[in-house]
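Read through the structure below, which is laid out as structure tokens, and then see the notes.
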Amino acid sequence: MVLRPPAAPFRHPRSRRAPHGFARLGLRALVLGVTVSAWCQAAPAEGAGAQAHRSSRPPPMPQKRAADEQDSPIKGATLTLADAVFLGLRDNRAIRSAYIDRIAQKFDLRVAEDRFSPQLGVSGSAVRQSIGAIGTSTVQVSPGASILLPTGATLGFAWNTSFTDVAGTQTRRSTADVTISQPLLRGGGTEVTMAPLGIARLTERINRLNLKRTISNTIGQVILAYRSLLQAQESWQLAQNSLKRARELVDVNRSLIQAGRMAAVEIVQSEANVENQQIRVLAAARSIEIARLNLLQLLSIDLGTAVIAGESTSPERLRPDLRNVMRIALSERPDFLGQLCVVEQNRLGLTVAENQKLWDLSVFASGSFGGRTVTSAAAKDSQRIADGVIGVQFNMPLTGLQREQPAVQASTALRTSELQLAAIRQGVELQVRSAVTDIEMSWSQLEVARKARTLAERALAIENEKLRAGRSSAFQIRALEADLRDAEQQQLNSAIAYLNALTTLDMALGTTLKTWHIDLAD
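Take the UniProt record's numbering: the last position of the sequence shown gets the number 522, and nothing is skipped along the way.
If you want it as structure tokens, here you go:
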């Protein structure tokens with residue numbers, strides 16, 4: 001996918017090859033393209049073996065289940081992670097604003113590069129004056145050009161043409177004037193003369209790196225918001241499953257009461273548990289709506305759009321090598337590379353400031369070649385013009401500290417930027433190390449959470465069999481149900497945390513654009 005100007009900035013990332021560089025670390029686990037159609041389905045109905053309650057209390061459970069299925073918050077168009085990133089890059093206001101800023105930034109570079117281009121211009125005047133009884137008319141036109149050379153020399157050329165009429169005497173003058181001035185000390189030399197252009201080009205590179213950072217941060221925000229919606233959807237599904245199990249327990253209790261194996265009052269706590277689970281379902285539905293609105297806001301699309309996150313929550317394991325990822329980070333991070341440019345800019349600034357401390361000494365030369373014609377009523381006179389001047393000029397201030405001030409300021413700016421570079425480098429290392437550690441710890445937590453859920457499911461299944469045989473109680477079932485609910489939620493949280501840790505590492509390395517195969521098209 002190619003990042004283009006704001007009118008139509010992006011192509012849809014339908015196909016992605018293995019990300020360059022970071023693919024060796026297995027970053028394919030970062031972007032998973034499996035659509036979970038089960039999230040778009042309603043909660044399953046109860047088994048056919050559930051018996052109706054024959055007491056005076058009305059049986060509201062079937063009506064509630066139908067309402068739950070109709071009010072499911074997981075509905076709308078399925079949105080993959082690639083779709084979300086595509087929409088975010090196409091319409092995100094921060095990116096569009098950054099592209100608008102790039103118009104002025106690129107023009108600044110053009111201005112700096114135009115400094116060494118020929119500067120063309122035309123000057124002229126037309127004057128009519130009368131002093132006493134004598135009238136004078138003067139017309140002058142002077143097209144010219146000047147150019148700054150990389151050595152600091154200024155070369156100028158002008159074609160001066162003038163016409164003067166004084167009381168019938170006409171004077172025509174046409175000359176080619178050439179001037180050149182070469183500084184020898186202050187302002188002279190290729191390094192000093194080219195420094196402003198070098199600073200402008202470094203500024204342009206910093207601006208491009210800032211654009212890259214803006215786009216990378218936007219992609220990261222979209223991914224995290226997408227996963228928040230995915231997590232909220234899965235939490236709602238888990239709450240629905242827990243509600244279903246609570247209702248099944250009520251049905252089992254009713255069967256035991258009808259069989260005379262359980263006191264009727266013991267079903268009250270199970271029914272209260274059903275209502276508590278219903279509250280959790282409603283809270284999860286609210287979380288889905290909040291996460292959906294946050295994602296749509298980042299995508300800059302209609303907040304009333306119904307979307308479903310359709311990615312998998314079963315990540316693959318990644319084993320990043322710390323030395324390798326540190327090398328990648330120092331070659332890809334926009335903030336680190338930008339600070340390198342700032343240091344280089346300050347070095348060029350120090351060079352210019354040191355040069356300004358020198359005396360002003362330069363050589364110059366000029367020449368004027370052409371002719372002049374004077375026409376009167378009595379005669380006509382023509383003259384050739386070939387004038388030349390060459391010389392040396394200097395300015396040597398003997399007192400004052402003003403010339404030292406720019407050099408001192410440039411020196412301190414360079415040293416400060418070098419300290420900032422060291423701080424940024426250490427910050428990059430800290431972020432990368434933390435991200436690698438988070439990946440390892442998140443995966444360990446995910447494995448433990450999977451085992452805990454499996455054991456909790458087995459424990460609950462065994463206890464349900466004991467309850468049907470009359471060797472357990474509803475209280476014990478509710479306790480094990482709470483354990484299973486916590487284990488399921490913990491596994492979901494661990495899976496999302498691991499996926500987010502991969503995204504955080506990608507952002508810490510500065511390889512987000514490479515991972516998604518996005519090229520800046522300026």
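For each residue, glycine too, the CB sits at the ideal point set by N, CA and C. Note that the structure is predicted; figures quoted are calculated from it, not measured.
{"Item": "Beta-carbon within less than 6 Å of residue 228's beta-carbon, same chain only, minus the 5 sequence neighbours each way: which residues are those?", "Value": "291"}
{"Item": "Can you tell me where the beta strand (DSSP E) with residue 131 in it begins and where it stops?", "Value": "119 to 131"}
{"Item": "Roughly how many angstroms separate the alpha carbons of residue 506 and residue 144, rounded to a whole number?", "Value": "56 Å"}
{"Item": "Relative to the C-alpha of residue 544, which residue among 136, 237 and 101 is closest?", "Value": "For the chain, the structure presents residues 1 to 522; residue 544 sits outside this window and is missing."}
{"Item": "Cβ atoms of residue 187 and residue 152: under 8 Å apart, would you say?", "Value": "yes"}
{"Item": "By DSSP's criteria, residue 137 is part of a beta bridge. Which residues make up the other side?", "Value": "128 and 165"}
{"Item": "When the Cβ atoms of the segment 357 to 370 are set against those of the segment 391 to 405, are three or more pairs found closer than 8 Å?", "Value": "yes"}
{"Item": "Taking the CB atoms as reference points, tell me whether residue 460 and residue 492 lie closer together than 8 Å.", "Value": "no"}
{"Item": "Touching or not, the segment 465 to 476 and the segment 417 to 434, by the rule of three or more beta carbon pairs under 8 Å?", "Value": "no"}
{"Item": "Nearest to residue 181 by alpha carbon, out of 449, 409, 88 and 146?", "Value": "146"}
{"Item": "State the beta-bridge partners of residue 380 as determined by DSSP.", "Value": "375"}
{"Item": "Alpha carbons only, please: which of 123, 138, 497 and 121 is nearest the one belonging to residue 129?", "Value": "138"}
{"Item": "With a threshold of 16 other CB atoms inside 10 Å of the CB of residue 419, please say whether the residue is buried or exposed.", "Value": "exposed"}
{"Item": "Whose C-beta lies closer than 6 Å to the C-beta of residue 211 among residues of the same chain, with five residues either side of it excluded?", "Value": "98"}
{"Item": "For a test of the three-state rule: what should DSSP assign to residue 476, helix, strand or coil?", "Value": "helix"}
{"Item": "Just to confirm before moving on: does the CB-CB distance between residue 268 and residue 247 stay below 8 Å?", "Value": "no"}
{"Item": "Excluding sequence positions up to five away, which residues of its chain have a Cβ less than 8 Å from the Cβ of residue 322?", "Value": "432, 433 and 436"}
{"Item": "For the alpha helix (DSSP H) containing residue 81, name the first residue and the last one.", "Value": "81 to 91"}
{"Item": "Taking Cβ positions, are residue 510 and residue 308 nearer each other than 8 Å?", "Value": "no"}
{"Item": "Which word fits residue 207, buried or exposed, when buried means at least 16 other C-beta atoms lie within 10 angstroms of its C-beta?", "Value": "buried"}
{"Item": "Taking three-plus beta-carbon pairs below 8 Å as touching, is the segment 84 to 93 in contact with the segment 217 to 236?", "Value": "yes"}
{"Item": "If you count every other CB in all the chains shown that lies within 10 Å of the CB of residue 73, and 16 or more means buried, which is it?", "Value": "buried"}
{"Item": "In the DSSP assignment, the beta strand (DSSP E) including residue 439 goes from what residue to what residue?", "Value": "Where residue 439 is concerned, there is no enclosing beta strand (DSSP E), although the alpha helix (DSSP H) it sits in stretches over 405 to 468."}
{"Item": "Can you tell which of 339, 447, 412 and 355 has its C-alpha closest to the C-alpha of residue 423?", "Value": "339"}
{"Item": "What separation, rounded to the nearest whole angstrom, lies between the Cα atoms of residue 300 and residue 478?", "Value": "44 Å"}
{"Item": "Enumerate in chain order the residues of its own chain whose CB-to-CB distance from residue 179 is below 6 Å, with the five nearest sequence positions on each side excluded.", "Value": "156 and 366"}
{"Item": "Apart from the five residues just before and just after residue 242, which ones in its own chain have a Cβ nearer than 6 Å to its Cβ?", "Value": "277 and 485"}
{"Item": "Check residue 143 in the structure and name its three-state DSSP category.", "Value": "strand"}
{"Item": "Out of 175, 224, 416 and 104, which one is the CA nearest neighbour of residue 82?", "Value": "224"}
{"Item": "Kindly confirm or deny that the segment 334 to 351 and the segment 405 to 418 touch, where touching means at least three C-beta pairs closer than 8 Å.", "Value": "yes"}
{"Item": "According to DSSP, is residue 198 helix, strand or coil?", "Value": "helix"}
{"Item": "Leaving out five residues on either side along the sequence, give the residues of the same chain with a beta carbon under 6 Å from the beta carbon of residue 354.", "Value": "407"}
{"Item": "Return yes when the Cβ of residue 191 is within less than 8 Å of the Cβ of residue 105, no when it is not.", "Value": "no"}
{"Item": "Got a sec? Which residues, its chain only, sit under 7 Å from residue 443 by beta carbon, not counting five neighbours each side?", "Value": "317 and 498"}
{"Item": "With H, G and I counted as helix, E and B as strand and the rest as coil, what does DSSP make of residue 66?", "Value": "Reliability of the predicted coordinates at residue 66 is poor, the pLDDT of 39 falling under 50, and the value obtained from them is presented with this limitation in mind. Residue 66: helix per DSSP, three-state reduction."}
{"Item": "Beta-carbon within less than 7 Å of residue 512's beta-carbon, same chain only, minus the 5 sequence neighbours each way: which residues are those?", "Value": "216, 219, 220 and 506"}
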